[in-house]
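Enquirer: Once you've had a glance at the structure underneath, I'll fire off some questions.
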Ligand SMILES: [Zn+2]
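In my numbering, the protein residues as written are 624 to 938.
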């Protein structure tokens with residue numbers, strides 16, 4: 624009997640060391656802490672701000688991986704089953720993640736953060752580019768990119784705080800402090816966007832995929848998106864032509880591309896109409912370089928603001 628136990632113990636240690644040595648964003652939950660899993664980088668940052676050292680956090684998406692089509696690994700699904708709470712975005716944003724979340728036992732609290740904000744419909748394209756993106760659902764459904772609004776981020780901070788403090792082990796005053804300090808940074812960010820984008824020569828942004836509906840909504844801009852709500856909804860040649868024409872009609876001088884997406888289409892349109900290119904980051908996932916350089920939600924949004932002020936000639 625004793626030797627069997629030793630074999631089991633050794634097998635367990637091997638399994639543990641394999642788990643710790645594996646690559647990817649996920650790490651095993653630490654014992655003695657609230658086990659929280661999140662499906663996207665901005666939620667990770669909220670949970671860290673509110674939960675601090677009281678939570679052990681697992682992020683499903685490895686650095687730089689596309690977020691929309693991400694499929695959790697079997698190991699991640701197993702790990703999710705032992706979580707206390709999972710924060711994610713529903714509404715078809717990450718279908719495979721949603722399916723994995725739906726399969727979890729009742730012991731795991733599942734919180735769809737889309738439900739804590741006021742959703743806007745997927746924004747229609749400007750005249751001349753309407754409805755021409757192949758295979759895309761237009762105006763049918765809500766835009767899931769809610770975190771690109773600092774105001775929405777504040778609402779999600781409150782939802783995360785309210786959820787975490789329902790766990791008896793959780794220190795509520797500590798969570799309130801963390802939430803308050805992140806919320807005040809987000810309020811300042813929102814104020815910076817409001818003043819920075821108040822007076823601009825143009826209010827039309829041409830983006831790589833339709834991720835900036837909330838930025839457009841909050842700060843009174845109009846978005847022309849090259850790809851659809853998901854970057855895999857690629858435009859036809861006819862749509863690209865229409866986007867170029869519309870961009871020219873609106874005297875667009877800058878075409879935006881994304882760090883984690885191929886930039887060819889944005890650059891092609893920019894070349895065609897003699898515009899410059901700038902990066903707008905969707906903050907769906909951070910690249911390894913961004914993580915190494917200490918970038919975070921607020922710093923990336925400040926870079927987005929600077930790129931918008933430059934591209935729209937704001938004063
Ligand atoms: Zn997206």
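Each residue gets a CB set at the ideal place from its N, CA and C atoms; glycine is no exception.
(1) Below 7 Å, is the gap between the Cβ of residue 668 and the nearest heavy atom of ligand 1?
(2) Within 7 Å: the Cβ of residue 939 and any heavy atom of ligand 1?
(3) If you run the structure through DSSP and keep just helix, strand and coil, what is residue 820?
(4) Helix, strand or coil for residue 806, going by three-state DSSP, please let me know.
(5) State yes or no: is the beta carbon of residue 861 nearer than 8 Å to at least one beta carbon in chain D?
(6) Are residue 820 and residue 931 touching if we call contact CB-CB under 8 Å?
(7) Which residues does DSSP pair with residue 906 in a beta bridge?
(8) So, helix, strand or coil for residue 693, using DSSP?
(9) Suppose the cutoff is 7 Å on Cβ atoms and the five residues either side in sequence are ignored; what does the same chain contact list for residue 901 look like?
(10) Does the region 804-821 come into contact with the region 665-678, if we say contact requires no fewer than three beta-carbon pairs (one atom in each stretch) closer than 8 Å?
(11) Taking 7 Å as the cut-off, is the CB of residue 840 close to at least one heavy atom of ligand 1?
(12) Just how far apart, CA to CA, sit residue 863 and residue 822?
(13) Would you list the residues whose beta-carbon is nearer than 7 Å to any heavy atom of ligand 1, in the order they occur in the chain?
(14) Roughly how many angstroms separate the alpha carbons of residue 756 and residue 799, rounded to a whole number?
(15) When the Cα atoms are used, what is the spatial distance from residue 785 to residue 658?
(16) Which of the three DSSP states, helix, strand or coil, is assigned to residue 830?
(17) Cβ of residue 777 within 8 Å of Cβ of residue 739?
(18) Any idea what DSSP makes of residue 663, helix, strand or coil?
(19) Would you check if there are 3 or more beta carbon pairs closer than 8 Å linking the region 846-864 to the region 914-930?
(20) Take the Cβ of residue 834 as the centre, count every other Cβ of all protein chains shown within 10 Å, and call the residue buried at 16 or more, exposed below.
(21) Between 677, 664, 652 and 870, which has its C-alpha nearest residue 801's C-alpha?
(22) Which residue comes first and which comes last in the beta strand (DSSP E) that contains residue 845?
(23) Please list the terminal residues of the continuous alpha helix (DSSP H) segment that includes residue 866.
Expert: In brief:
(1) Residue 668: no, Cβ never under 7 Å from ligand 1.
(2) The chain is shown from 624 up to 938; residue 939 falls before or after that span and cannot be answered.
(3) Residue state, collapsed to three classes: coil.
(4) Assignment of residue 806 by DSSP, reduced to helix, strand and coil, places it in the helix class.
(5) Looking for chain D here will not work: only one protein chain is present.
(6) Yes; because the gap between Cβ atoms is below 8 Å, this pair is in contact.
(7) Bridge partners of residue 906: none, in fact.
(8) In the three-state scheme derived from DSSP, where H, G and I count as helix and E and B as strand, residue 693 is classed as coil.
(9) Apart from the 5 residues on each side of it in sequence, residue 901 sits with its Cβ closer than 7 Å to the Cβ of 877, 879, 930, 933 and 934 in its chain, given in chain order.
(10) For the pair of segments examined, the region 804-821 was found to touch the region 665-678: the number of CB pairs separated by less than 8 Å reaches three.
(11) Flag unset: Cβ of residue 840 not near ligand 1.
(12) Approximately 29 Å between the Cα atoms of the pair.
(13) A residue is listed when its beta-carbon falls short of 7 Å from at least one non-hydrogen atom of ligand 1; in chain order these are 690, 691, 768, 832, 834, 852, 853, 854, 905 and 907.
(14) Confidence at residue 756 is low in this model, with a pLDDT of 43, below 50, so its placement is unreliable and the value that follows should be read with caution. About 44 Å.
(15) Spanning the two alpha carbons is a distance of roughly 16 Å.
(16) If DSSP states are grouped into helix, strand and coil, residue 830 belongs with the strands.
(17) Contact flag unset, no.
(18) Residue state, collapsed to three classes: coil.
(19) The region 846-864, when compared against the region 914-930, does not touch it at the 8 Å Cβ threshold.
(20) By the neighbour-count rule (16 or more Cβ atoms within 10 Å), residue 834 is buried.
(21) When only C-alpha atoms are compared, the closest one is 677.
(22) Under the DSSP assignment, residue 845 falls in the beta strand (DSSP E) whose first and last residues are 845-850.
(23) Residues 860-872.
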